[in-house]
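Notes follow once the structure below has been shown.
In this note's numbering, the protein residues as written are 40 to 321.
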């Protein structure tokens with residue numbers, strides 16, 4: 040990409056992540072997050088799956104195969120980006136939706152600490168041209184993720200009626216921005232997307248399937264919590280992963296890999312949700 044295109048893409052990535060976090064903060068209600076935090080078993084299993092098990096699994100698989108450097112880095116950045124891109128797959132208003140939103144907020148807050156820490160560990164295996172400063176990433180996340188989330192939560196707590204009016208608009212705007220960002224990357228780097236290769240595609244599909252199983256297994260006995268955790272562990276936060284890649288590794292073709300993972304994991308997650316709905320039918 041040219042310098043001007045890269046600058047536009049970088050600003051779009053910042054705006055997308057900021058909007059998603061602001062929308063999440065405005066949507067989050069105190070009783071929702073308390074409902075999750077008062078269930079330490081579910082909370083601990085959820086964090087374990089998203090922050091520990093799946094990133095470790097991805098690192099193990101990535102370093103076990105002879106994958107291109109950009110594919111390795113793209114998959115690792117995706118794995119350590121907690122949250123989900125498929126907000127339209129979240130449960131409809133009920134207890135499970137409260138769990139989904141509270142889980143999103145919890146792992147998004149933790150990401151300001153966990154993502155730089157994980158990068159500090161993983162970059163020992165990266166070549167010099169792929170090094171990322173954990174401190175820089177932490178500062179970036181503090182501004183683009185932590186700050187808007189706290190602003191949104193403050194608006195919800197202090198001006199709930201105003202937050203009710205903003206909730207839908209912010210959510211739709213954030214989702215549109217994410218779609219534009221993904222489509223932009225597909226259009227600008229279509230050649231890189233098409234040249235990813237068969238083995239990386241197989242690895243991406245395998246990782247998404249195993250991540251679905253991990254979330255399903257650790258989600259507990261309730262069907263809706265299993266589905267929510269499976270969706271979150273498999274899809275990750277595309278906005279966060281792209282944000283880190285575009286701002287810190289603009290010279291590497293990492294964004295196309297993240298975009299392909301979003302598409303593959305999204306398709307598999309929709310298939311999983313369809314299968315789960317079929318199981319619930321009498």
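The C-beta atom is built at its ideal place from N, Cα and C for all residues, glycine as well.
Within 10 Å of its beta-carbon, does residue 235 have 16 or more other beta-carbons around it, so buried, or fewer, so exposed? Counting Cβ neighbours within 10 Å, residue 235 comes out buried, since at least 16 surround it.
C-beta atoms of residue 274 and residue 103 nearer than 7 Å: Here residue 274 is not near residue 103, since their CB atoms are 7 Å or more apart.
Tell me, please, which residues DSSP counts as bridged to residue 275. For residue 275, which the question treats as bridged, DSSP gives the partners 123.
Quick check: what's the CA-CA separation for residue 118 versus residue 196? Residue 196 has its alpha-carbon roughly 32 Å from the corresponding atom of residue 118.
For the alpha helix (DSSP H) that residue 165 lies in, which residues bound it at each end? Counting along the chain, residue 165 falls outside any alpha helix (DSSP H), and DSSP gives it neither H nor E.
Just to confirm my understanding: we take residue 61, look at its own chain, exclude 5 residues before and 5 after, and list those with CB closer than 8 Å. What are they? Within its own chain, the residues whose Cβ lies closer than 8 Å to the Cβ of residue 61, once the five positions on either side in sequence are excluded, are 187, 188, 190, 191, 209, 213, listed in chain order.
Okay, do the region 242-255 and the region 267-286 touch, 3+ Cβ pairs below 8 Å being the bar? For the pair of segments examined, the region 242-255 was found to touch the region 267-286: the number of CB pairs separated by less than 8 Å reaches three.
When DSSP labels each residue in this structure, what does residue 151 get in the three-state scheme? The three-state secondary structure of residue 151, taken from DSSP, is helix.
Environment of residue 77 [buried if 16+ CB atoms lie within 10 Å]: Its Cβ having fewer than 16 others within 10 Å, residue 77 is exposed.
Local conformation of residue 190 per DSSP, three classes: If DSSP states are grouped into helix, strand and coil, residue 190 belongs with the helices.
On a Cα-Cα basis, can you pick out the residue from 279, 216, 193 that is closest to residue 64? Closest option to residue 64, judged by alpha-carbon separation, among 279, 216, 193: 193.
Same chain only: Cβ atoms within 7 Å of residue 151, ignoring 5 sequence neighbours per side: Taken in chain order, the residues that qualify are 177, 180, 181, 184, 185.
Please state whether DSSP places residue 71 in a helix, a strand or coil. Reduced to three states, the DSSP call for residue 71 is helix.
Taking C-beta to C-beta, are residue 113 and residue 297 nearer than 7 Å? In this structure, residue 297 lies closer than 7 Å to residue 113 by Cβ.
Beta-carbon proximity check, residue 161 vs residue 115, cutoff 7 Å: Cβ atoms of residue 161 and residue 115: closer than 7 Å.
Quick one, which of 46, 282, 309 has its alpha-carbon nearest residue 171's? Restricting attention to 46, 282, 309, the CA atom closest to the CA of residue 171 is found in 282.
I need the straight-line Cα distance from residue 199 to residue 207, nearest angstrom please. Distance between the alpha carbons of residue 199 and residue 207 is about 13 Å.
In three-state terms, what does DSSP make of residue 265? Of the three classes helix, strand and coil, the one that applies to residue 265 here is helix, per DSSP.
Using 7 Å as the threshold, is the C-beta distance between residue 139 and residue 71 below it? In this structure, residue 71 does not lie closer than 7 Å to residue 139 by Cβ.
Residue 218: buried (16+ other C-beta within 10 angstroms of its C-beta) or exposed? Exposed, because fewer than 16 other Cβ atoms sit within 10 Å of the Cβ of residue 218.
Please name the residue in 157, 45, 259, 52 whose C-alpha comes closest to that of residue 79. Among 157, 45, 259, 52, the Cα nearest to that of residue 79 belongs to 259.
Per-residue burial, residue 137 [other beta carbons within 10 Å of its own, 16 or more giving buried]: Counting Cβ neighbours within 10 Å, residue 137 comes out buried, since at least 16 surround it.
For residue 221 and residue 163, I'd like the C-alpha separation in whole angstroms. Near 29 Å, if we compare the C-alpha coordinates of residue 163 and residue 221.
Under the three-state DSSP convention, the category residue 255 falls into: Helix at residue 255.
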